[in-house]
Amino acid sequence: MTAKKDKLTIIIAGLVIGVIAAALVYFGNPKNMGFCIACFLRDTSGALGLHKAPPVQYIRPEIIGIVLGSLAMALGKKEFQAKGGSAPMTRFVLAFCAMVGCLMFLGCPFRMILRIAGGDLNAIIGLVGFICGILVGVLFLKKGFTLKRTYKLPTAEGFVLPVMEVGIFALLIAAPAFIMFTEPEVGPGAMHASVWLSLGAGLVVGALAQRTRLCMVGGIRDTVLFKETRLLLGFIAILVAALITNLILGSVTGTPYFVLGFDAQPVAYNDGLWNFLGLFLVGFACCLLGGCPLRQLVLSGEGNTDSAVVVIGLMVGAAFCHNFGLASSGEGPTPYGKIAVILCIIVVAIIGCANTFRKAE
């Protein structure tokens, strides 16, 4: 009975999150990008001056809301616990590699689902790559892959990233001259819902994701390892809700929110190989990390400093990609981006082997 209740809870949460994600596009976010953890961390990195790409610079309140929503739920449920110390630098490198894959595909696993809900068939190719990457990661898990245990830390350590997010939100509101914002019509960074609506949406998503342990990587991993589909049901619910919402919005407004096909999709390209490899890298790296980018944000709100390191690694990876021409665009992947994806797959494989077949310490 409890298992059925848990599945119903995560389905309801997924439906709510799917509606919110699609609605954010109606209120101003880029199409098929009501939520994208990778893209929003990239935009925030740009606004803070970590990269100089004018089209993608904006402090995204959704990211702040996810962390603080998770924090509030964790505190309310007495689940907040400061802990960390499980191979932080390895996690940083894995997160960096995962962001290279995200910006090759032009989206995280969350946006992959939203792109499918918007009719983008390129995202289905990405989904296949994502699943394959997770399956490779699962092979390492079955062989004993581990980043070793975490340790209990002083409570203040768990509040560091949430406090940082509050400070970043203050910068968004104050908008001092050193914070960079994309000019209107310049790029997706200029497309966003209102600050308070975005923050509220993030708070709800963060609270729901904390309550249900929502994770796309975990859903596929648990289905393969344990035949447990609870987490996977949550993302299926997001897909269904976002698809239905897109169809309703298109019908009501006359503006197409669902366009089926490969070509002319918003902030996307139709090179199947690199869509596949981009999300293959994301699935592989995130499986070893123990969760997708959304899950890492939620865990950081619960006081997990290892996940906070992953979030920082994602932001640094995003800045690196845009500073050195690795990130794709609607025109397709860059030559350096292709090289970076291959190198990162090799790095993740080396990390997998080193932490699976090493001698016991």
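In numbering that gives the first Met the number 0, the protein residues as written are 0 to 360. For each residue, glycine too, the CB sits at the ideal point set by N, CA and C.
Measuring only the C-alpha atoms, how far is residue 214 from residue 205?
12 Å
Could you have a look at residue 106 and say whether DSSP puts it in helix, strand or coil?
DSSP places residue 106 in the coil class of the three-state scheme, outside both helix and strand.
From 272, 165, 295, pick the residue whose C-alpha is nearest to that of residue 64; which is it?
165
Can you list, in chain order, the residues of its chain whose CB lies under 6 Å from that of residue 17, leaving out five sequence neighbours each side?
237, 240, 241
What residues in its chain sit with their C-beta under 6 Å from that of residue 344, if we drop five residues either side in the sequence?
280
On a CA-only basis, which of 309, 243, 185, 273 is nearest residue 84? Give me that one, please.
309
Taking the CB atoms as reference points, tell me whether residue 100 and residue 277 lie closer together than 7 Å.
yes
Is it the case that the Cβ atoms of residue 230 and residue 118 are separated by a distance below 7 Å?
no
Tell me, to the nearest whole angstrom, how far the beta carbon of residue 283 is from that of residue 223; I am working on the premise that it is less than 8 Å.
So it is not a contact: roughly 14 Å between Cβ atoms.
When DSSP labels each residue in this structure, what does residue 0 get in the three-state scheme?
Summary for residue 0: the model assigns pLDDT 46, below 50, so the residue's position carries little reliability, and this model does not support an answer.
Spatial neighbours of residue 350 within its chain, please: CB distance less than 8 Å, with the 5 preceding and 5 following residues excluded, ordered by chain position.
Excluding sequence neighbours, residue 350 sits near 89, 92, 93, 287.
Whole alpha helix (DSSP H) runs in the stretch 220-305 with 4 or more residues, listed along the chain?
229-252, 271-288, 292-300
Using C-beta distances below 7 Å, list every residue in its chain close to residue 303, excluding the 5 sequence neighbours before and after it, in chain order.
82, 83
Reducing DSSP to helix, strand and coil, say where residue 197 ends up.
The answer is helix: DSSP assigns residue 197 an H, G or I state.
In whole angstroms, what is the alpha-carbon distance linking residue 128 and residue 136?
When rounded, the distance between both Cα atoms is 12 Å.
Can you tell me whether residue 57 is helix, strand or coil according to DSSP?
Secondary structure of residue 57 (DSSP, three-state): coil.
Could you tell me whether the Cβ atoms of residue 196 and residue 58 are closer together than 7 Å?
no
Give me the Cα-Cα distance between residue 342 and residue 336, rounded to the nearest whole angstrom.
10 Å
Should the stretch 173-187 be regarded as contacting the stretch 49-56, the criterion being three or more beta carbon pairs within less than 8 Å?
yes
Buried or exposed: residue 352, going by 16 or more other Cβ atoms within 10 Å of its Cβ?
exposed
Note down, in chain order, each residue of its chain lying with its Cβ closer than 6 Å to the Cβ of residue 0, except the 5 sequence neighbours on either side.
Because the pLDDT of residue 0 is 46, which lies under 50, any placement of that residue in the model is unreliable, and the number read from its coordinates should be weighed accordingly. Cβ neighbours of residue 0 beyond the five flanking positions: none.
How should residue 367 be labelled, buried or exposed, when 16 other C-beta atoms within 10 angstroms of its C-beta is the threshold for buried?
Outside the displayed span of the chain (0 to 360) sits residue 367, for which this structure offers no information.
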